[in-house]
Amino acid sequence: MAAQQAEEQNGSQNLDADREVCVEVRDLWKVFGPNPRRIVEDPELRNASKDKILEETGCVVGLRDVSFQVHRGEFFVLMGLSGSGKSTLIRCVIRLAEPTAGSILINGDDIVPYDEHKLGELRRSTTGMVFQHFGLLPHRSVLDNVAYGLKIRGVAASERYDRAQVYVEKVGLKGWEHHLPAALSGGMQQRVGIARALTGDPEILLLDEPFSGLDPLIRRQMQDELMELQAELQKTLLFVTHDLTEALKVADRMAIMRDGEIIQIGSPEEVITNPSDSYVRQFVQDASPTKVLSARSVMEQPPVLLYSWQGPKAALQILRDANVDSAFVVTRGGRLLGMVTVERLVQLIRRKGTYLRDALDPDMATCGGDEVVEDLVPLVAASRYPVAVVDEEDRFLGEVYVSTIISSMIRDTEVEEAEASETELNGEEDSANSESEEQRPSSPESADSKGTGEGVQS
Ligand SMILES: Nc1ncnc2c1ncn2[C@@H]1O[C@H](COP(=O)(O)OP(=O)(O)OP(=O)(O)O)[C@@H](O)[C@H]1O
Ligand SMILES: [Mg+2]
Numbered sequence: 017m018a019a020q021q022a023e024e025q026n027g028s029q030n031l032d033a034d035r036e037v038c039v040e041v042r043d044l045w046k047v048f049g050p051n052p053r054r055i056v057e058d059p060e061l062r063n064a065s066k067d068k069i070l071e072e073t074g075c076v077v078g079l080r081d082v083s084f085q086v087h088r089g090e091f092f093v094l095m096g097l098s099g100s101g102k103s104t105l106i107r108c109v110i111r112l113a114e115p116t117a118g119s120i121l122i123n124g125d126d127i128v129p130y131d132e133h134k135l136g137e138l139r140r141s142t143t144g145m146v147f148q149h150f151g152l153l154p155h156r157s158v159l160d161n162v163a164y165g166l167k168i169r170g171v172a173a174s175e176r177y178d179r180a181q182v183y184v185e186k187v188g189l190k191g192w193e194h195h196l197p198a199a200l201s202g203g204m205q206q207r208v209g210i211a212r213a214l215t216g217d218p219e220i221l222l223l224d225e226p227f228s229g230l231d232p233l234i235r236r237q238m239q240d241e242l243m244e245l246q247a248e249l250q251k252t253l254l255f256v257t258h259d260l261t262e263a264l265k266v267a268d269r270m271a272i273m274r275d276g277e278i279i280q281i282g283s284p285e286e287v288i289t290n291p292s293d294s295y296v297r298q299f300v301q302d303a304s305p306t307k308v309l310s311a312r313s314v315m316e317q318p319p320v321l322l323y324s325w326q327g328p329k330a331a332l333q334i335l336r337d338a339n340v341d342s343a344f345v346v347t348r349g350g351r352l353l354g355m356v357t358v359e360r361l362v363q364l365i366r367r368k369g370t371y372l373r374d375a376l377d378p379d380m381a382t383c384g385g386d387e388v389v390e391d392l393v394p395l396v397a398a399s400r401y402p403v404a405v406v407d408e409e410d411r412f413l414g415e416v417y418v419s420t421i422i423s424s425m426i427r428d429t430e431v432e433e434a435e436a437s438e439t440e441l442n443g444e445e446d447s448a449n450s451e452s453e454e455q456r457p458s459s460p461e462s463a464d465s466k467g468t469g470e471g472v473q474s
């Protein structure tokens, strides 16, 4: 894959440039069936559809030319529908499934040529895996289960129980050490699975749908706990889920898979605001954008901004010319000073005041640029004025209205509806040419603003 394309596909975040890559997958293929390499090597077959390959060769394409990077300490989520290749991919990363072609670099070292011995070493020292169906030893206690990996490594009993105890407590199972797994609820059993994976102190934790067997309340709780653990332990996480809400909640970045390919990589916000094609858009349409959009991405620029050195008469004139009732006041460095209204300006002029700062309304509300829109709703709803968005140094960035929030909530619905009616108008022609829909961007900037996470306000 060309470097530039790889970079684009790998999603955004300029910050990422200086972050160390922990896991890198390059041009990875996994084909199940007889003589799988010929699929990769045959120029026609490698570009054929999954169905066609199955029909012609009896082979199932599990992964097709997958490339991505995961940074150290990153919470990276693989998501996609059933059969899209998530488990195959996460298993290939530690060669529980053997890749057909491509490279897997862990800390810069390609592990594809590793022999069994080196592979065993890698799995014991660097990676830990958590499966959907806990995979606990039923006749061993919680503590024994957690210590099991260390036992295999030959760690002495006292040390392995000490270490296991630490992680049993970290996952909130103190008091349950000597129970058998069957005595524990699903959520608790999965905590044992997580503790077991963590006890070996792996750098990289691979989790394949770890919470999908749990009921929604426990599931949310487990997500919170995993995020807390992650904040504390700073592991590199590869996490598989087919639950969008879960992905949007936990991911630093997520990769969306279809038919063995990664079709988009980005932060939850990028994926929601700029789905790369109609498949991703369909995938994310149920997500409430307010859960992921930040104040920064929905804010607007006010029609006027006042400056602390302006006099009240000039300010009043500016507001009247712009036909607005209020405006934010900033200092020379762009720092937000407050908000004035026409009424307060008139009073100031009557009092023969000269400084805007003497007319500021103390009721102004502010929020940080990274605050999630959903959390702003009560603030914005309770405020008489738009809420000012500021950066860490209190510099004014923009403003958020109730109407801005509502439009961010309904924006996706509108896109879908517009498309539905367009499809209806075009009739059957459109369905005969499915590519035309793929190529229709959701908004004029969606094609090239992908990856920036900014400038997505429509
Ligand atoms: N051992 C195997 N032999 C043949 N085909 C396989 C094998 N394992 C997976 N596949 C195929 O590879 C593709 C990807 O499967 P995979 O299990 O990775 O999907 P998934 O995204 O994890 O799905 P799910 O959400 O259901 O777990 C599917 O088409 C599947 O049928
Ligand atoms: Mg799976």
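So the sequence shown is numbered by this note's numbering: it starts at 17 and just counts up by one. A virtual CB, placed ideally from N, CA and C, is assigned to each residue, including glycine.
At least one heavy atom of ligand 2 lies less than 7 Å from the C-beta of residue 102.
One alpha carbon belongs to residue 104, the other to residue 221, and they sit about 16 Å apart.
Here residue 189 carries a coil assignment [DSSP, helix/strand/coil]. Collapsing the DSSP output to three states places residue 343 in a strand. Our two residues, residue 122 and residue 38, have alpha carbons roughly 6 Å apart in a direct line. For a cut-off of 8 Å, the C-beta gap from residue 388 to residue 315 is around 13 Å, too long to register as a contact. With respect to the 8 Å criterion, residue 318 and residue 344 are classified as neighbours on the basis of their beta carbons.
Inclusion of residue 226 and residue 205 in the CB contact set at 8 Å is not warranted, their separation being larger than that value. Scanning its chain for C-beta atoms nearer than 7 Å, with the 5 sequence neighbours on each side dropped, one finds around residue 407 the residues 385 and 413, in chain order. Relative to ligand 1, even the nearest heavy atom lies 7 Å or more away from the CB of residue 149. Looking only at 83, 77, 346 and 340, the smallest Cα-Cα distance to residue 359 is reached by 340. Note on geometry: alpha-carbon atoms of residue 342 and residue 330 lie some 14 Å from one another.
The DSSP assignment places complete beta strand (DSSP E) segments of no fewer than 3 residues inside the region 276–329 at 277–282, in order along the chain. Taking the CA atoms as reference points, residue 275 sits about 9 Å from residue 96. The residue among 198, 352, 101 and 309 with its C-alpha nearest the C-alpha of residue 289 is 309. For the pair residue 212 and residue 147, the Cα-to-Cα distance works out to about 11 Å.
Excluding sequence positions up to five before and after residue 152, its CB lies within less than 7 Å of the CB of 161, 197, 205, 208 and 209, all in the same chain and listed in chain order.
When rounded, the separation of the alpha-carbon atoms in residue 409 and residue 94 is 36 Å.
At a Cβ-Cβ threshold of 8 Å, residue 41 and residue 77 do not count as neighbours. The C-beta distance from residue 185 to residue 159 rounds to 11 Å, too long to meet the 8 Å contact threshold. In this structure, the CA atom of residue 229 is about 27 Å from the CA atom of residue 114.
Spatial neighbours of residue 398 in its own chain (CB-CB distance under 8 Å, excluding positions within 5 residues in sequence) are listed in chain order as 381. The three-state secondary structure of residue 113, taken from DSSP, is coil. Residue 174 sits in a helix when the DSSP states are folded into three classes. Shown here, residue 355 sits in a strand according to DSSP, grouped into three states.
Short note on residue 275: C-beta not closer than 7 Å to any heavy atom of ligand 2. Residue 334 is positioned such that its CB atom lies closer than 8 Å to that of residue 322.
In terms of side-chain proximity, the C-beta atom of residue 96 is found nearer than 7 Å to a non-hydrogen atom of ligand 1. Around the beta carbon of residue 325, fewer than 16 other beta carbons sit within 10 angstroms, so the residue counts as exposed. Relative to residue 306, the option among 261, 269 and 281 whose CA is nearest is 261. The C-beta distance from residue 215 to residue 183 rounds to 5 Å, short enough to meet the 8 Å contact threshold.
Here residue 313 is buried. Its C-beta has 16 or more other C-beta atoms within 10 Å. At a Cβ-Cβ threshold of 8 Å, residue 88 and residue 54 do not count as neighbours.
DSSP places residue 87 within a strand segment (E or B) once states are collapsed to three. Per the C-alpha coordinates, the member of 284, 84, 52 and 232 positioned closest to residue 43 is 84.
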